[in-house]
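Novice: Under the numbering used here, think of the first position of the sequence shown as 6, with each following residue one higher. Once you've had a glance at the structure underneath, I'll fire off some questions.
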Amino acid sequence: MTMPSLVIGTAGHIDHGKTTLVEMLTGVSLDRLPEEQSRGITIALGFTPLDLADGRRVGLVDVPGHERLVRTMIAGATGIDAAILCVSAVDGAMPQTREHLAILDLLGVQQGVIALTMADLVDEELLELAIEDARDAVAGTFLEGAPILPTSKDGRGRAALLEAIAGFSEGARRSTGPFRLPIDRTFTRPGFGTVVTGTVGSGRLDDGATVTLLPGGHKARVRGIEVHGVKVDEALAGRRTALNLAGIDGKLVTRGSLVAVGPVPCPHMIDARYHHLPGAPELLDGSTVRVLLGTTETLGKLFFAQPTERIEGGTSAWIQLRLHDPLPCRPGDRFVIRRPSPAHTLGGGTIVDPWAPRLRRRDRDRAADQLARLAAGEHVVWLERAGESGITPEDWAARGGEDVGEILGDRRFAPQVVVRLQGVLLEALASYHHEHPLSLGAHRRELRRGRLAHLPDRVFDALVDKLASGLSVVIEGPLVRIAGFEIALTAEQEALRTRLLETVRAAGLAGKTTQQLTTAFPADEVSALLRLLDAGDHLLEVSSVGWIAPEALAGLQEQIRSWFVEHDALSPGDFKDLTGLTRKAAIPLLEWLDARRITQRSGDTRIAGPALA
């Protein structure tokens with residue numbers, strides 16, 4: 006027999022013979038708890054394989070029918086490929102029949118068969134009425150037109166039911182993506198430790214792999230994999246699987262947790278497409294609801310992500326769920342919404358964005374448009390919703406890694422966001438040029454202030470580089486300026502520039518400090534003009550000496566060169582005599598010469614440096 010990758014679940018009202026039907030098909034009774042055996046009802050989920058005549062082995066999931074156990078029913082129905090809806094020929098379709106059928110529809114089950122159980126307890130006339138009743142009950146659902154097969158525990162209808170099951174096809178499984186197994190049962194087996202079971206929702210898992218239990222984040226190692234009692238080396242999507250977990254306290258492993266490998270978000274906020282069941286009571290914006298997904302459930306509030314305040318039965322809407330507890334999920338996952346009290350299934354839908362930003366009422370029109378596009382596969386919407394925060398490579402890979410948007414540094418952005426950031430940077434530069442007309446450009450750190458302060462360093466640098474590559478800005482060392490920007494001096498500024506040059510040149514090697522110059526001339530413009538003269542190499546600043554004209558320093562270099570033609574060393578006293586400077590001015594100049602390797606210190610004197618060679 007091949008390992009089962011087709012999983013079939015029972016559904017139906019309490020006491021409508023679901024467990025008896027499974028026993029009739031397989032010879033295995035799934036009522037394992039004493040209470041189940043004494044009361045004749047199913048409380049926990051039951052699982053067993055079923056071998057078909059064509060050599061395939063399928064998995065059967067038996068779910069409880071009691072209205073108080075709908076959560077357990079949903080846990081069992083999650084991941085099934087087909088359903089056997091059990092309807093008693095004696096009672097006909099009952100409330101839980103219809104609720105189970107609605108839940109199967111909400112979970113995306115698309116194939117199945119109706120088993121008209123207890124057919125041996127009614128005559129032919131009542132049986133025909135029961136068939137018509139069942140046909141009416143499934144009208145408008147995925148089971149409309151499906152076979153309705155009378156069955157009984159003595160084996161009646163077994164062959165026809167097996168034939169129908171053999172015609173079921175395996176559902177579309179997500180063989181790629183992260184491995185996920187929602188835990189529907191956990192127990193401890195002596196000699197083995199903790200064992201968990203569930204239907205693999207996506208991905209694959211090798212024996213010996215390390216897994217994470219979500220949402221808690223606890224790690225464990227897989228030391229054994231079984232599919233219906235048969236030891237295997239890997240777990241595949243669609244298979245009923247048992248995992249033996251090592252390295253974890255069994256108390257941390259509970260039904261409702263998710264065994265995962267790879268990136269699976271655990272959000273408190275989810276955007277989704279929701280369908281409100283026909284006949285369900287009106288649901289208002291901000292209502293408290295119970296959310297069931299996989300084997301997990303949590304309370305939360307439902308808000309509409311479109312301009313509406315309520316939803317009526319039989320209609321659909323974009324919604325945002327704000328959850329009390331984190332919920333491991335991926336786009337495309339199906340969920341069910343129930344009213345907490347009195348408990349009642351209201352509807353369900355499909356996860357669209359498990360990375361959703363908090364919805365503001367004034368943005369509901371835009372949110373509805375974004376969610377419609379996202380549901381249609383436009384992944385660039387995630388980048389639009391991330392805005393100027395962008396998305397990291399790790400987070401983008403978790404969303405599928407599609408090559409859309411633009412990369413700046415270590416983030417991915419929507420194209421329009423990049424254009425907006427470029428505009429902000431150019432505006433900041435234009436403002437800087439206006440406020441500092443004598444500056445050759447702004448330091449990057451000055452541009453980072455204000456609107457761009459939130460950008461990470463690598464993103465900001467990449468933004469500047471992108472503008473430079475597009476010839477919109479020019480980068481010169483630490484300074485950035487708008488392409489085409491030139492300093493234009495007024496007549497008064499030009500005159501002041503000339504006077505500054507003349508004053509510094511007249512001071513020779515003694516130089517002039519900034520303080521001396523700002524005292525002698527208008528202080529507001531002197532500093533800017535000095536930076537301008539420095540950038541143009543018209544003046545040089547030498548340590549504590551101050552500003553010196555380049556020609557004076559060039560003359561000093563020639564004096565030093567001539568000195569070493571006739572001498573082997575230069576003492577500080579020699580330098581003072583050579584230049585006529587005081588010791589206070591001479592020492593900084595000697596250090597300036599050392600730094601440029603014109604001289605080289607040797608004890609208390611200087612010798613000729615490599616730059617004089």
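Here a beta-carbon is modelled for each residue, glycine too, at the ideal position from N, C-alpha and C.
#1: Report yes if the C-beta distance between LEU486 and LEU434 is below 8 Å; otherwise report no.
#2: Under the three-state reduction of DSSP, which class applies to PHE465: helix, strand or coil?
#3: Would you give the residue range spanned by the beta strand (DSSP E) that GLY428 belongs to?
#4: By Cβ distance below 7 Å, which residues in the same chain neighbour ALA554 in space, the five residues on each side in sequence not counted?
#5: Of the residues LEU538, LEU219, THR77, which one's Cα is nearest the Cα of LEU332?
#6: Name the DSSP beta bridge partners of MET274, please?
#7: Should THR193 be labelled buried (16 or more other beta-carbon atoms within 10 Å of its own) or exposed?
#8: Alpha helix (DSSP H) containing GLY578: first to last residue?
#9: Could you compute how far the alpha carbon of VAL12 sits from the alpha carbon of GLN115?
#10: Please classify GLY619: does DSSP put it in a helix, a strand, or coil?
#11: So what does DSSP say about LYS224, is it helix, strand or coil?
#12: Let me confirm a value: GLU481 is counted as buried when at least 16 other C-beta atoms fall within 10 Å, else exposed. Which label applies?
#13: Look up ASP211 in the DSSP assignment and give the residues it is bridged to.
#14: If you follow the beta strand (DSSP E) that HIS349 is in, where does it begin and where does it stop?
#15: From GLY318 to LEU430, what distance separates their C-alpha atoms?
#16: Could you tell me the distance, in whole angstroms, from the CA atom of ALA139 to the CA atom of LEU132?
#17: Can you tell me whether LEU297 is buried or exposed, with buried defined as 16 or more other CB within 10 angstroms of its CB?
#18: With 16 other CB atoms within 10 Å as the buried threshold, where does ASP462 fall?
#19: DSSP three-state call for VAL264: helix, strand or coil?
#20: Which residue comes first and which comes last in the beta strand (DSSP E) that contains ASP306?
#21: Classify ASP421 as buried or exposed, calling it buried when 16 or more other Cβ atoms lie within 10 Å of its own Cβ.
#22: Starting from GLN116, follow the alpha helix (DSSP H) in both directions and report where the run begins and ends.
#23: Around the Cβ of ARG185, are there at least 16 other Cβ atoms within 10 angstroms (buried) or fewer (exposed)?
#24: Can you list, in chain order, the stretches of the alpha helix (DSSP H) that have 4 or more residues and sit fully within the segment 450-503?
#25: Could you spell out where the alpha helix (DSSP H) holding ILE170 opens and where it closes?
#26: Does the beta-carbon of PRO615 have 16 or more other beta-carbons within 10 angstroms, so that it is buried, or is it exposed?
#27: So is GLY145 buried or exposed if we call it buried at 16+ other beta carbons inside 10 Å?
#28: Give me the Cα-Cα distance between TRP597 and PRO270, rounded to the nearest whole angstrom.
#29: Have a look at HIS280 and LEU326 and give me their C-alpha separation to the nearest angstrom.
#30: Taking only runs that begin and end inside the segment 341-415, name each unbroken alpha helix (DSSP H) of 4 or more residues, in chain order.
#31: Does GLY319 come out as helix, strand or coil in the three-state DSSP assignment?
#32: I'd like the list of long-range same chain contacts for PHE569, defined as Cβ closer than 6 Å, with 5 residues on each side in sequence excluded.
#33: Please work out which residues of its chain come closer than 7 Å, Cβ to Cβ, to ASP159, disregarding the five sequence neighbours upstream and downstream, and give them in chain order.
#34: Where do the ends of the alpha helix (DSSP H) carrying THR25 lie?
#35: Is the beta carbon of VAL200 closer than 8 Å to that of VAL264?
#36: Based on Cα-Cα distance, which residue from ASP141, ASP189, ALA403, THR587 lies nearest to THR246?
Specialist: In short:
#1: By 1-based counting over the sequence shown, the position of residue 486 is 481. By 1-based counting over the sequence shown, the position of residue 434 is 429. Note that residue 486 is Arg in the sequence shown, not Leu. The answer is yes: Cβ separation under 8 Å.
#2: As a working note, residue 465 is residue 460 in the sequence shown. The answer is helix: DSSP assigns PHE465 an H, G or I state.
#3: By 1-based counting over the sequence shown, the position of residue 428 is 423. GLY428 -> not in any beta strand (DSSP E); alpha helix (DSSP H) instead, spanning 420-440.
#4: Position 549 of the sequence shown, counted from the first residue, corresponds to residue 554. Hits under 7 Å: VAL509, ARG510, LEU544.
#5: Looking up residue 332 in the sequence shown gives position 327. Nearest in C-alpha terms to LEU332, of all of LEU538, LEU219, THR77, is LEU219.
#6: As a working note, residue 274 is residue 269 in the sequence shown. As DSSP reads the structure, MET274 sits in a beta bridge with ARG327.
#7: Taking the first residue of the sequence shown as position 1, residue 193 is located at position 188. Answer is exposed; the Cβ neighbour count stays below 16.
#8: One-based indexing of the sequence shown puts residue 578 at position 573. Unbroken alpha helix (DSSP H) run through GLY578: 577-584.
#9: Sequence index remark: in the sequence shown, residue 12 carries index 7 (1-based). Sequence index remark: in the sequence shown, residue 115 carries index 110 (1-based). So the two alpha carbons sit approximately 13 Å from each other.
#10: As shown, the chain starts at 6 and ends at 618. That puts residue 619 outside it, with no answer to give.
#11: Indexing the sequence shown from 1 puts residue 224 at position 219. Strand at LYS224.
#12: Mapped onto the sequence shown, residue 481 falls at position 476. Exposed is the label assigned to GLU481, since fewer than 16 other Cβ atoms lie within 10 Å of its Cβ.
#13: As a working note, residue 211 is residue 206 in the sequence shown. Per DSSP, GLU239.
#14: One-based indexing of the sequence shown puts residue 349 at position 344. First-last of the beta strand (DSSP E) with HIS349: 349-358.
#15: Translated into the one-based positions of the sequence shown, residue 318 becomes position 313. Translated into the one-based positions of the sequence shown, residue 430 becomes position 425. Straight across, the Cα-Cα distance linking GLY318 with LEU430 is about 50 Å.
#16: As a working note, residue 139 is residue 134 in the sequence shown. As a working note, residue 132 is residue 127 in the sequence shown. Distance from the CA atom of ALA139 to the CA atom of LEU132, rounded to whole angstroms, is 10 Å.
#17: By 1-based counting over the sequence shown, the position of residue 297 is 292. It is buried - the Cβ of LEU297 has at least 16 other Cβ atoms within 10 Å.
#18: Working through the sequence shown from its first residue, we reach residue 462 at position 457. Using a 10 angstroms sphere on the CB of ASP462, the tally of other CB atoms stays under 16, which defines it as exposed.
#19: For the purposes of this step, residue 264 is identified with residue 259 of the sequence shown, where counting begins at 1. Residue state for VAL264 is assigned as strand, using DSSP reduced to three classes.
#20: The residue given as residue 306 occupies position 301 in the sequence shown. Contrary to the premise, residue 306 reads as Lys rather than Asp in this sequence. For LYS306, the enclosing beta strand (DSSP E) stretches over residues 301-309.
#21: Stepping through the sequence shown from its first residue, residue 421 is reached at position 416. Position check: residue 421 holds Gln in this sequence, whereas Asp was assumed. Label assigned to GLN421: exposed.
#22: As a first step, residue 116 must be located in the sequence shown, where it is residue number 111. Counted as a single uninterrupted DSSP element, the stretch harbouring GLN116 is not any alpha helix (DSSP H), since DSSP gives it neither H nor E.
#23: Counting from 1 along the sequence shown, the entry for residue 185 is found at position 180. It is buried - the Cβ of ARG185 has at least 16 other Cβ atoms within 10 Å.
#24: 462-474, all fully within the segment 450-503.
#25: Working through the sequence shown from its first residue, we reach residue 170 at position 165. Per DSSP, the unbroken alpha helix (DSSP H) holding ILE170 starts and ends at 163-171.
#26: Translated into the one-based positions of the sequence shown, residue 615 becomes position 610. By the neighbour-count rule (16 or more Cβ atoms within 10 Å), PRO615 is not buried but exposed.
#27: For the purposes of this step, residue 145 is taken as the residue at position 140 of the sequence shown. GLY145 comes out exposed.
#28: Residue numbering aside, residue 597 sits at position 592 when the sequence shown is read from its first letter. Residue numbering aside, residue 270 sits at position 265 when the sequence shown is read from its first letter. Roughly 60 Å between the two C-alpha positions.
#29: On the sequence shown, position 275 is the one that residue 280 refers to. On the sequence shown, position 321 is the one that residue 326 refers to. Rounded to whole angstroms, HIS280 to LEU326 spans 14 Å at the Cα level.
#30: Those alpha helix (DSSP H) runs which fall completely within the segment 341-415 and span 4+ residues are 369-380, 385-391, 398-403.
#31: Within the sequence shown, numbered from 1, the residue matching residue 319 stands at position 314. Note: GLY319 maps to coil in three-state DSSP.
#32: Sequence index remark: in the sequence shown, residue 569 carries index 564 (1-based). These residues qualify, in order along the chain: ALA613.
#33: Numbered from its first residue, the sequence shown carries residue 159 at position 154. Counting only Cβ-Cβ distances below 7 Å, and skipping sequence neighbours, we find ASP125.
#34: The count along the sequence shown starts at 1 and reaches residue 25 at position 20. The continuous alpha helix (DSSP H) containing THR25 extends over residues 23-31.
#35: The sequence position of residue 264 within the sequence shown is 259, counting from 1. The sequence position of residue 200 within the sequence shown is 195, counting from 1. Here VAL264 is not near VAL200, since their CB atoms are 8 Å or more apart.
#36: Counting from 1 along the sequence shown, the entry for residue 246 is found at position 241. Closest by alpha carbon: ASP189.
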